[in-house]
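Asks: Chains as they are written, first to last, in the working numbering: chain A, 1 to 152; chain B, 1001 to 1142.
Each residue gets a CB set at the ideal place from its N, CA and C atoms; glycine is no exception.
Model, not experiment: these values are computed from the prediction.
Below is the structure I would like to discuss, written out as structure tokens.
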């Protein structure tokens, strides 16, 4: 069993490898995205907490990010601190968060396009990430179905 | 990942869940940063209380025995653990013999056959490939 899957790719997530300040800026942007429509569903909260966990922030930084959920920064403030890899990973995960409740509304879409533009990404970057996210959610759903089938 | 039935579980069950994941991650030796990151992500997704997370982190150096974490849990809960343990075990790129042994112990506790466990590991590999495609999209867009 283990031998067959020895070529399983290593987790390609690199958020936890970013410098501490960049991980904080990444998480701050996600806090902004979480509150963009003034609603925070359990799906969004779970996704936010998951990404916050991955970022391996210090307890003090976590407190600051949770405070940012209550009083979100502006998008401009978030973007000032973001560039390069941290920015791209933040956009990727912002797309996943925006889609976590099943729809991406206009405000979320505008913010995603603004982030992409700030990072100087190609015009179709958000569309491609949304397509990728849909595939990922399909994979997650298959995982739930697989889990259900284990009881049969 | 979307939340699932995990968020409706008791704080005590969620601590057991996280402790089992720590055991799996540590099965092949000392915990590395990649493994800690995925455990923290799983605890976040399950929305484990911050104080409970402190309890779980205390086991990073000396994990709680797997059998102790699994004791008296219902099969649905054990299967959640199995799914996420498979994700954690894959984080460093391969399933170590000790990780496979631990996954089999969890599968047995959850009444999951070897064939079903194999299907679960295939699902994990597909997910890793999907995630990697996200990184490739970002690189192409830059």
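Using the C-alpha atoms, what's the distance from residue 88 (chain A) back to residue 124 (chain A)?
Replies: Counted from its first residue, the first chain places residue 124 (chain A) at position 124. Counted from its first residue, the first chain places residue 88 (chain A) at position 88. Roughly 14 Å separates the two Cα atoms.
Asks: Taking only runs of the beta strand (DSSP E) that begin and end inside the stretch 1033-1084 of chain B, which ones reach a length of at least 3 residues, in chain order?
Replies: Within the stretch 1033-1084 of chain B, no complete beta strand (DSSP E) run reaches 3 residues.
Asks: Please confirm if residue 54 (chain A) has its CB atom under 7 Å from at least one CB of chain B.
Replies: For the purposes of this step, residue 54 (chain A) is identified with residue 54 of the first chain, where counting begins at 1. So, interface residue.
Asks: Around the C-beta of residue 1012 (chain B), are 16 or more other C-beta atoms found within 10 angstroms, so that it is buried, or is it exposed?
Replies: Locating residue 1012 (chain B) in the second chain gives position 12, counting from the first residue. The residue in question, residue 1012 (chain B), is exposed, as its Cβ has fewer than 16 Cβ neighbours within 10 Å.
Asks: Note down, in chain order, each residue of its chain lying with its Cβ closer than 7 Å to the Cβ of residue 61 (chain A), except the 5 sequence neighbours on either side.
Replies: Numbered from its first residue, the first chain carries residue 61 (chain A) at position 61. Cβ neighbours of residue 61 (chain A) beyond the five flanking positions: 24.
Asks: Can you pull the chain A residues whose beta carbon is under 8 Å from the beta carbon of residue 1110 (chain B), in chain order?
Replies: Start at 1 with the first residue of the second chain, and residue 1110 (chain B) comes out as number 110. Near residue 1110 (chain B) (Cβ distances below 8 Å), the residues of chain A are 150.
Asks: Among the residues of its own chain, which have a CB less than 6 Å from the CB of residue 131 (chain A), if the five just before and after it don't count?
Replies: Taking the first chain and counting its residues from 1, the one referred to as residue 131 (chain A) is at position 131. Answer for residue 131 (chain A): no residue qualifies.
Asks: Closer than 7 Å by beta-carbon distance: list the chain A residues that pair up with residue 1043 (chain B), in chain order.
Replies: Taking the first residue of the second chain as 1, we reach residue 1043 (chain B) at position 43. Under the 7 Å cutoff, chain A gives 53.
Asks: Counting contacts by CB-CB distance shorter than 7 Å, is residue 145 (chain A) in contact with chain B?
Replies: In the first chain, residue 145 (chain A) corresponds to position 145, counting from 1. Chain B contact via Cβ: absent.
Asks: Looking only at its chain, what residues have a beta carbon closer than 6 Å to the beta carbon of residue 1098 (chain B), apart from the 5 residues adjacent to it on each side?
Replies: Counting from 1 along the second chain, the entry for residue 1098 (chain B) is found at position 98. Cβ neighbours of residue 1098 (chain B) beyond the five flanking positions: 1027 and 1028.
Asks: Starting from residue 1120 (chain B), find everything on chain A with Cβ-Cβ shorter than 7 Å and list it in chain order.
Replies: As a position in the second chain, residue 1120 (chain B) is number 120, starting the count at 1. Within chain A, the residues near residue 1120 (chain B) are 146.
Asks: Cα-Cα, which of B:1009, B:1082, B:1077 and B:1040 is closest to residue 1053 (chain B)?
Replies: Locating residue 1053 (chain B) in the second chain gives position 53, counting from the first residue. Of the listed residues, the one whose Cα sits closest to residue 1053 (chain B) is B:1040.
Asks: Check the Cβ of residue 1142 (chain B) against every Cβ in chain A and list those closer than 7 Å, keeping chain order.
Replies: Position 142 of the second chain, counted from the first residue, corresponds to residue 1142 (chain B). What residue 1142 (chain B) touches in chain A: 88 and 121.
Asks: Would residue 50 (chain A) pass as an interface residue toward chain B - the criterion being a Cβ-Cβ separation below 7 Å?
Replies: Counted from its first residue, the first chain places residue 50 (chain A) at position 50. Yes, because at least one Cβ of chain B sits closer than 7 Å to the Cβ of residue 50 (chain A).
Asks: Is there at least one Cβ from chain B nearer than 7 Å to residue 35 (chain A)'s Cβ?
Replies: Indexing the first chain from 1 puts residue 35 (chain A) at position 35. No, because no Cβ of chain B sits closer than 7 Å to the Cβ of residue 35 (chain A).
Asks: Inspect the beta-carbon positions of residue 1106 (chain B) and residue 1085 (chain B) and report whether they are closer than 7 Å.
Replies: Within the second chain, the letter at position 106 stands for residue 1106 (chain B). Within the second chain, the letter at position 85 stands for residue 1085 (chain B). Taking 7 Å as the Cβ cut-off, residue 1106 (chain B) and residue 1085 (chain B) qualify as a contacting pair.
Asks: Output the distance between the C-alpha atoms of residue 1018 (chain B) and residue 1042 (chain B), rounded to the nearest integer angstrom.
Replies: Taking the second chain and counting its residues from 1, the one referred to as residue 1018 (chain B) is at position 18. Taking the second chain and counting its residues from 1, the one referred to as residue 1042 (chain B) is at position 42. Approximately 8 Å between the Cα atoms of the pair.
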